[in-house]
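Chains as they are written, first to last, in the working numbering: chain Y, 37 to 407; chain E, 37 to 407.
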């Protein structure tokens, strides 16, 4: 029990659950939650709002004397950001029952060569590798899942609308690429004798941008957020390069076409530059998720009751909700954030906007708990 | 005294000297030497051959009963590679009396924010900042300086020639460049709203290659060995990028023209992409060095005496000798290395080739000692 009177438990990989038992605890619960991990040099609202805001919503409902029928649960998902193990939404993906992930987690290591299993064990999780499937959610565990989040885009702020009701989450894909060349001394190896893995990476980064723009849709985005050279000395020709590429779209096929073009460019670049394309690995290539109509209606009901203007919108960033949607009816509540900034220190949401978001979340959960 | 009977001393920044006093110790000494530091993931011959080979040459002369007239000195230079403080040939540059370097060393820090002065002090060097000028070589300290080194290029091996006699060292220049943009979330910020500092860096890396190839000379080389993105997460648009660019040529003007073109490209890229060019800094831009005719003649004499074929050649890599040439007549002896590989683990020179190099060095020093 924590101070809100929630029964707290955690699963084998570090997802933490706080539960308020309803009068009909045998029914699927209404879940909410998000994550508190962050990428390097980021802000403090992405994810955190959806955890602290969920606790505040529970507190609000308790203070109001509300009695849930379906149990209410707050989930703090582990490792939503891909920073350490290169896998985003690790906790919610696993909860969604992705068998291949449970398999691959047995082998994955971070960039210090620490395995996921060792890291989890040293963090205190019971890490029997055979136990990873125990994290998979049972069917009908949740009758609904709602996540409160900052928009991470500029629309709500620009239009002066306090609440966004998410109807779909864009389809993300991550790809890692490695080129290898002969490297050598930056002074002694003449230009025609070079096969520079760094220049291959530079070309591919620009090709990613080109292919994304060619899609012709404003909804296609692509980013090379990681580009590393080896050995990384000013007087050494790069003998290896490593890129991590993020491509998203609300249209899955259009996104996959971009990835296919990037693959062809990587192959061409490797041929033209005489470097080896030693890896082209699609780490994840998730379908988009649609919010559930019943959850959307409950969010709309809550916003109207609270007299808050709302806008139906898609989420271009993805969230644990993308994976919760596979095992539960799902919906998301957005609030405005300063200039749409996210994943950088300037990220900010006002107390007033957060309060509005928490109220909509509380009322949505209350309504869904009684259905 | 070490076991070869050399009097050992070191200067304020860690250059180490081993001296065999000649019968006319008042005359300028004949110096030889190189360095033993290395870039990350490099080989074990670059520099090391010129230190261990120098000791072996001294040993050979002692065993042969030779008596020097001018003193013979072996120098192990500190920090030839720019790995830690971004300054190549730190020891020999300072010995060459570069006042600006003595000034800037008082402020320089490594990437862990450890200052050069603190690092030197913790390594045991007496680091009174006012003392840095004490490292400057007095005029006529050396009547000649000779460095034995692997070629770091493929020519001698390909042509089957055991000895290279260096007539000039190419002119190196190092430049650091930084771009800054707004960064942001890789899903939420649409393509037209981006100013991606990583893509600016990718474009500049390719522009370096283009401008080098435009020079039209096989002797112009340019390398982007370091390209770093910040914050370096797959789902974050790079808000900063940092490049380190190495450009070399045997023709100083041609090299400087390339750097000027790179500067113009950096400015154009920053304008086109809406990123800030927050740094374009030429860290060093050294003139080429010519070997001294008297030293070249002594090396030729030695090779002929030993019945070893030799080739006169230029050094495309640069060395401590580039700076020793400013304060002493200079020459370099090259030996073949496997496939011309250097600055990577495959770097290799055969015992036979090393023996030839040491013999030529010993005989050259002996001859110059008696002049």
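Each residue gets a CB set at the ideal place from its N, CA and C atoms; glycine is no exception.
Taking any Cβ of chain Y, which residues in the segment 248 to 276 of chain E have a Cβ under 9 angstroms from it, in chain order? The segment 248 to 276 of chain E vs chain Y, Cβ under 9 angstroms: 248, 249, 254, 255, 256, 257, 258, 259, 260, 261, 262, 263, 264, 265, 266, 267, 268, 269, 270, 271, 272, 273, 274 and 275.
Three CB pairs or more closer than 8 angstroms across the segment 94 to 114 of chain E and the segment 288 to 308 of chain E: At 8 angstroms Cβ cutoff, the stretches do not touch.
Per-residue DSSP class, three states only, for residue 321(E): In the three-state scheme derived from DSSP, where H, G and I count as helix and E and B as strand, residue 321(E) is classed as strand.
Would you mind telling me which residues of chain Y sit closer than 7 angstroms to residue 354(E), beta carbon to beta carbon, in chain order? Contact annotation for residue 354(E) against chain Y: 223 [CB-CB distance below 7 angstroms, chain order].
Beta-ladder partner(s) of residue 185(Y), from DSSP: Residue 185(Y) pairs with 370(Y).
Give the residues from the segment 66 to 84 of chain Y that approach chain E closer than 9 angstroms (Cβ to any Cβ), ordered along the chain. Of all residues in the segment 66 to 84 of chain Y, 75, 76, 77, 78 and 82 have a Cβ within less than 9 angstroms of some Cβ in chain E.
Contact check, residue 114(E) vs residue 51(E), beta carbons under 7 angstroms: The criterion of a C-beta distance shorter than 7 angstroms is satisfied by residue 114(E) and residue 51(E).
Return helix, strand or coil for residue 247(E), following the three-state DSSP convention. It is helical.
Among all the DSSP beta bridges, which residues are the ones paired with residue 365(Y)? Residue 365(Y) pairs with nothing; no bridge assigned.
Just the Cα atoms here: how many angstroms apart are residue 129(Y) and residue 192(E)? Their Cα atoms are separated by approximately 58 angstroms.
Residue 298(E) in three-state terms, based on DSSP: Correct three-state label for residue 298(E): helix.
Have a look at 87(E), 165(E) and 247(E) and flag the residue whose alpha-carbon is nearest the alpha-carbon of residue 73(E). Distances from the CA of residue 73(E) to each of 87(E), 165(E) and 247(E) were compared; the closest alpha carbon is that of 87(E).
Using 7 angstroms as the limit for Cβ to Cβ distance, is residue 204(E) near chain Y? No, residue 204(E) does not count as interfacial toward chain Y.
Nearest residue (CA-CA) to residue 207(Y), options 215(Y), 199(Y) and 356(Y): Of the candidates 215(Y), 199(Y) and 356(Y), the one whose C-alpha sits nearest the C-alpha of residue 207(Y) is 356(Y).
Which residues, in chain order, does the segment 321 to 349 of chain Y contribute to contact with chain E at a C-beta distance below 9 angstroms? For the segment 321 to 349 of chain Y, the set of positions with a beta-carbon nearer than 9 angstroms to some beta-carbon of chain E is empty.
Taking 7 angstroms as the threshold (C-beta atoms), are residue 328(E) and residue 286(E) in contact? Taking a C-beta distance under 7 angstroms as the contact criterion, residue 286(E) and residue 328(E) do not qualify as a contact pair.
For the segment 195 to 215 of chain Y and the segment 233 to 252 of chain Y, state whether three or more C-beta atom pairs, one from each stretch, are separated by less than 8 angstroms. Counting C-beta pairs with one atom in each stretch, the segment 195 to 215 of chain Y and the segment 233 to 252 of chain Y have three or more that are closer than 8 angstroms, which means they touch.
Residues in the same chain with beta-carbon distance under 7 angstroms from residue 169(E), minus the five sequence neighbours each way, listed in chain order, please. Closer than 7 angstroms at Cβ, skipping near neighbours: 138.
In this structure, does DSSP put residue 200(E) in helix, strand or coil? In this structure, residue 200(E) counts as strand in the three-state DSSP scheme.
So which of 282(E), 281(E), 265(E) and 284(E) has the shortest CA-CA distance to residue 275(E)? Nearest in C-alpha terms to residue 275(E), of all of 282(E), 281(E), 265(E) and 284(E), is 265(E).
Could you pull out every unbroken beta strand (DSSP E) segment of at least 3 residues lying fully inside the segment 37 to 123 of chain Y, listed in chain order? Every beta strand (DSSP E) stretch that sits fully inside the segment 37 to 123 of chain Y and reaches 3 residues is listed by chain position as 43 to 46, 52 to 56, 65 to 71 and 108 to 113.
State the start and end residues of the unbroken alpha helix (DSSP H) segment that holds residue 158(Y). It spans 152 to 158 - the alpha helix (DSSP H) in which residue 158(Y) sits, taken as one unbroken run.
Are any of the Cβ atoms in chain Y nearer than 7 angstroms to that of residue 360(E)? So, not an interface residue.
Cβ of residue 217(Y) less than 7 angstroms from any chain E Cβ? Closer than 7 angstroms to the CB of residue 217(Y) there is not a single CB belonging to chain E.
According to DSSP, residue 291(E) sits in a beta bridge with which residue or residues? DSSP output for residue 291(E) lists no bridge partner at all.
Does any residue of chain E bring its CB to less than 7 angstroms from the CB of residue 389(Y)? With 7 angstroms as the cut-off, residue 389(Y) does not count as an interface residue toward chain E.
At which residues does the alpha helix (DSSP H) containing residue 129(Y) begin and terminate? Segment 126 to 131, the alpha helix (DSSP H) holding residue 129(Y).
Whole-angstrom Cβ separation of residue 65(E) and residue 108(E), contact assumed at under 8 angstroms? Between residue 65(E) and residue 108(E), the beta carbon gap of about 7 angstroms places them in contact (Cβ cut-off 8 angstroms).
First through last residue of the alpha helix (DSSP H) which encompasses residue 281(E): Where residue 281(E) is concerned, there is no enclosing alpha helix (DSSP H), although the beta strand (DSSP E) it sits in stretches over 276 to 285.
Can you tell me which residues form a DSSP beta bridge with residue 216(Y)? DSSP links residue 216(Y) through a beta bridge to 276(Y) and 312(Y).
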